[in-house]
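If you read the sequences in order, they're chains A and B. Position in the first sequence counted from 1, then plus 788, gives you this note's numbering. Position in the second sequence counted from 1, then plus 211, gives you this note's numbering. Note that the Cβ used here is the ideal one computed from N, Cα and C, for glycine as well. Comments concern the structure below.
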Amino acid sequence: MQKEGQFHIPSGCAIAGLFCKDGRRVSGESMIDSITVMHDRSNGLGGGFAGYGIYPEHKDAYAFHVFYDNTAAKESVEDFLTQHFDIESLSRIPTRKTSGITDAPLIWRYFVHPLPRMLQDMEVDEREYVVRCVMKINAQYDGAYVFSSGKNMGVFKAVGYPEDVGRFYKLEDYAGYCWTAHGRYPTNTPGWWGGAHPFALLDYSVVHNGEISSYDANRRCIEMYGYSCNLMTDTEAITYIVDYLNRRQGLSLEEVANVIAAPFWSTIEAMPEPKRSQMTYLRNTFASMLITGPFSILLGFSGGMMALNDRLKLRSMVAAEKGETVYVASEESAIRRIQPELDRIWAPRGGEPLIFRLNEGVKF
Amino acid sequence: MAINYMVPEYEVVRDPQRCIACRVCERQCANEVHSYDPELNCMRSDETKCVNCHRCVSLCPTHALKIVKNNDTFKLNSNWSMQAITEIYREADTGGMLLSSMGNPNDYPIYWDKMLINASQVTNPSIDPLREPMETRVYLGKKPDHVERNSDGSLQINTPPQLELNVPIMFSAMSYGAISYNAHESLARAATELNTYYNTGEGGLHKDFYQYGPHTIVQVASGRFGVHKDYLNAGAAIEIKMGQGAKPGIGGHLPGTKSVGDVARTRMIPEGSDAISPAPHHDIYSIEDLRQLVYSLKEATAYKKPIIVKIAAVHNVAAIASGIARSGADIIAIDGFRGGTGAAPTRIRDNVGIPIELALASVDRRLREEGIRNNVSIVVGGSIRNSADVVKAIALGADAVYIGTAALIALGCHLCRSCQTGKCNWGIATQRPDLVKRLNPNVGYQRLVNLVNAWQHEIMEMMGGMGINSIEALKGNRLMLRGVGLNEKELEILGIKHAGE
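Next comes the structure, spelled out in structure tokens:
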């Protein structure tokens, strides 16, 4: 049987996220609690979490989380890291024995800073440098996979049900202002840890429920810009598109949403100028990055979270607020579980981005 | 020995019980197949002249006629077919080159028919175009590389000139001269109503049709027939014709018999003279010369119109397209070896060029590998026969398609492949006024509109089935295709998996 990354895997899923606008940090426990309710939306073949603001003591370093199949892979990647980065610290990521989580690879964490000399030689900015290094390890180092590479954030994922994954990684020991979670229901048995979600690059992390029908159009487009879609999953392609549009083209997240879940032409035509020509421009210029088919995604990034549905809203997604905390999940039950009393709960419209950011003055 | 007797390919079968000798067939046949015998009060046929255009069959009021393949045969031979032998007789007779029309009719693989389209089941929903929006709009032209901002932070609209199409189907180049005034009028009006484009071909633009300019692509070919400043500025885009699928490597042919009256005037050539375009453009012997012509045309039109470069699908098409994508051209049109023509040397039509499916797949992949796919749009033609071909072309990577033969069939063409004779009984590929008037442009334009509307509905149904509600998400989406009965190499070139994989 082919392994993950050798063919395109459709999958259905559950997603959940919470975000504290006031920067209050909450333990990963509550996110585990929330996603547990949606157990039946996953099938035990992948679960994961992303937490933001979890490494305040290393907040200026890129936190690399890496899976290794064996020590040989670890040694060669560590050679590479030493040549390209100043390593502030390194350690095994703490885990606990959990029934339901088996065949764990070696899981290591590195807090690193790009070497200024190398940066200068490559004549790229720091973030581009990190992207290229991560891409190189993932594409060229057999048995090694960098699955998290942002600052003051981290992804924790595995093959298993999300609640087991959360306990395996001892997420109760981490506190963040934003958490997203994912339970995977792939339609095959990939059994590879790297294939679980969230999928992350730099501080962007994506959890995604859906099966995008535009996948190969999106993949073949984004691969032109130096990304290689090694996992062949929708989430990976979405993450690269967001990175390309937001970081490299400098589009705002609202504009990114208007590319990937573009309004219908009929809607655009009814818009007043100059909005109409701005929207036409985005849709025409980045036509191949339009994503069709059902999806609900949560995009985590430093200081914020974006929730977005496909334009027909073919996947369930609800949002809610209580005080300074916002919640988004595939099902209302997942929100009520951790916050029974809500100020407001609503279903965002298809294609309408919800973007939450830290309140002014809150810094991480 | 009557060695110049050619065994007719077809036999005219007339049912004497039905025939009332009304002589409609006689009047309808410009090839003079039918004649009336007053002595016996019956109709006779000279089958040697029959091209099997089905005009008489269609108009016979008593359905007394049918045209069947002639059973008369030479001694059967798998190597020396009747056609091979007959062609030798004809060439030995005249010393002339064999001419034919329309596309390569021979038994080469049709890759469209070896690809199958996907549909959603369970894991994602199909989308119902009767109940949900389903978008087929396409913009053709170069896309900006970088987003730039105005001082107020808004997006700078730095998009080079584009063509906007409601449906990714355009009418391909067919010159006024090769086809009739009424055929051109039908195409121009249909393109306007459909919000797409038709293409003048290399014969210039008749004064009457300047009004359809916003939906016209004006062509500049190696003969430069009918090219002047007003002409260039009349259209929505300019197409440089480097080659044509039906006859790669040579220029256009218009027999003098068709170069009459307004046709000659529009081309700016003497009446009755053969209009044979030079094989190459004599100002383009290399890619850097093409760049100069592209920019000359842009200068002449104030950089307001996209420039299309049309090439025939030939062996090295991917490298050629890569050169064109860097030449300043906005759109590349690729014409496959099945593409039609009003006149071409038979040997060239039947033996030169490659299938459009393979050419398209290679060009799209090559441009992506080089990271220049957004420099140009890709339009393919030759031959797109139905909406499924359109869907497959777009999934392979095309932005839009050109249809020529299909459009003519909608106008009544029966593919008798005799356009070069100028005696088209359907009023399409002729300049004889008595024949031209058989094509009513009011009817013709409506039939073209109907055809494209029907295809659009079918495209939307197929897209919806795949769970795709906008055509840009289909473009280059090769996972939506699977091959059947293709070998590894063919699958590799097409960039698709085999059915069952």
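Kindly examine the ligand PLP and report whether one of its heavy atoms sits closer than 7 Å to the Cβ of residue i.
| i | result |
| --- | --- |
| residue 453 of chain B | Absent from the structure shown: the ligand PLP. Ligands present: none. |
What's the C-alpha gap between residue i and residue j?
| i | j | result |
| --- | --- | --- |
| residue 699 of chain B | residue 318 of chain B | 21 Å |
| residue 836 of chain A | residue 944 of chain A | 5 Å |
| residue 226 of chain B | residue 482 of chain B | 43 Å |
| residue 1019 of chain A | residue 980 of chain A | 10 Å |
| residue 612 of chain B | residue 711 of chain B | 28 Å |
| residue 973 of chain A | residue 1077 of chain A | 25 Å |
| residue 425 of chain B | residue 446 of chain B | 6 Å |
| residue 263 of chain B | residue 285 of chain B | 21 Å |
| residue 1150 of chain A | residue 811 of chain A | 6 Å |
| residue 297 of chain B | residue 223 of chain B | 20 Å |
| residue 677 of chain B | residue 996 of chain A | 20 Å |
| residue 667 of chain B | residue 336 of chain B | 21 Å |
| residue 1127 of chain A | residue 882 of chain A | 29 Å |
| residue 892 of chain A | residue 946 of chain A | 8 Å |
Classify residue i: buried if its beta carbon has 16 or more other beta carbons within 10 angstroms, exposed otherwise.
| i | result |
| --- | --- |
| residue 1147 of chain A | exposed |
| residue 531 of chain B | buried |
| residue 212 of chain B | The pLDDT assigned to residue 212 of chain B is 44, lower than 50, so where the model puts this residue is not dependable; a value taken from the coordinates is nonetheless given after this. Per the 10 Å Cβ criterion, exposed. |
| residue 646 of chain B | buried |
| residue 609 of chain B | buried |
| residue 844 of chain A | exposed |
| residue 251 of chain B | exposed |
| residue 635 of chain B | buried |
| residue 253 of chain B | exposed |
| residue 299 of chain B | exposed |
| residue 681 of chain B | buried |
| residue 287 of chain B | exposed |
| residue 279 of chain B | exposed |
| residue 595 of chain B | buried |
| residue 968 of chain A | buried |
| residue 999 of chain A | buried |
| residue 1075 of chain A | buried |
| residue 840 of chain A | buried |
| residue 1040 of chain A | exposed |
| residue 234 of chain B | exposed |
| residue 928 of chain A | exposed |
Assuming residue i contacts residue j under a Cβ cut-off of 8 Å, what Cβ separation, rounded to an integer in Å, is found between them?
| i | j | result |
| --- | --- | --- |
| residue 1079 of chain A | residue 1107 of chain A | Not confirmed; about 20 Å, so no contact. |
| residue 614 of chain B | residue 391 of chain B | Residue 614 of chain B to residue 391 of chain B, Cβ: 18 Å. No contact. |
| residue 662 of chain B | residue 621 of chain B | 4 Å |
| residue 522 of chain B | residue 495 of chain B | That pair is no contact at about 12 Å. |
| residue 1101 of chain A | residue 1138 of chain A | 3 Å |
| residue 374 of chain B | residue 409 of chain B | Incorrect: roughly 12 Å between the Cβ atoms, too far for contact. |
| residue 898 of chain A | residue 868 of chain A | That pair is no contact at about 11 Å. |
| residue 901 of chain A | residue 873 of chain A | 6 Å |
| residue 683 of chain B | residue 598 of chain B | No, residue 683 of chain B and residue 598 of chain B are not in contact; Cβ-Cβ is about 17 Å, not under 8 Å. |
| residue 1070 of chain A | residue 1031 of chain A | About 17 Å; that fails the 8 Å criterion. |
Using DSSP bridges, identify the partner residues of residue i.
| i | result |
| --- | --- |
| residue 1092 of chain A | A:1089, A:1145 |
| residue 967 of chain A | A:806, A:839 |
| residue 997 of chain A | A:1084 |
| residue 1067 of chain A | Answer is none; residue 1067 of chain A lacks a bridge partner. |
| residue 464 of chain B | B:487 |
| residue 692 of chain B | B:328 |
| residue 253 of chain B | B:248 |
| residue 546 of chain B | B:523, B:592 |
| residue 1097 of chain A | A:1084 |
Contact between the segment 588-600 of chain B and the segment 536-544 of chain B (3+ Cβ pairs under 8 Å):
yes
Contact the segment 622-635 of chain B vs the segment 303-319 of chain B: 3+ CB pairs below 8 Å
yes
Can at least three beta-carbon pairs, one atom from the segment 565-584 of chain B and one from the segment 333-351 of chain B, be found at a separation below 8 Å?
no
Kindly confirm or deny that the segment 483-493 of chain B and the segment 426-439 of chain B touch, where touching means at least three C-beta pairs closer than 8 Å.
yes
Spell out a yes or no on whether the segment 554-561 of chain B and the segment 460-474 of chain B are touching, meaning 3 or more CB-CB pairs, one atom from each, closer than 8 Å.
yes
Any contact of the segment 702-711 of chain B with the segment 563-581 of chain B, i.e. 3+ C-beta pairs under 8 Å?
yes
Three Cβ pairs or more, each shorter than 8 Å: is that satisfied between the segment 1082-1099 of chain A and the segment 1007-1014 of chain A?
no
Quick check: the segment 368-378 of chain B against the segment 342-356 of chain B, are at least 3 beta-carbon pairs closer than 8 Å?
yes
Could you tell me whether the segment 1030-1050 of chain A touches the segment 1116-1132 of chain A, where touching means 3 or more Cβ pairs closer than 8 Å?
no
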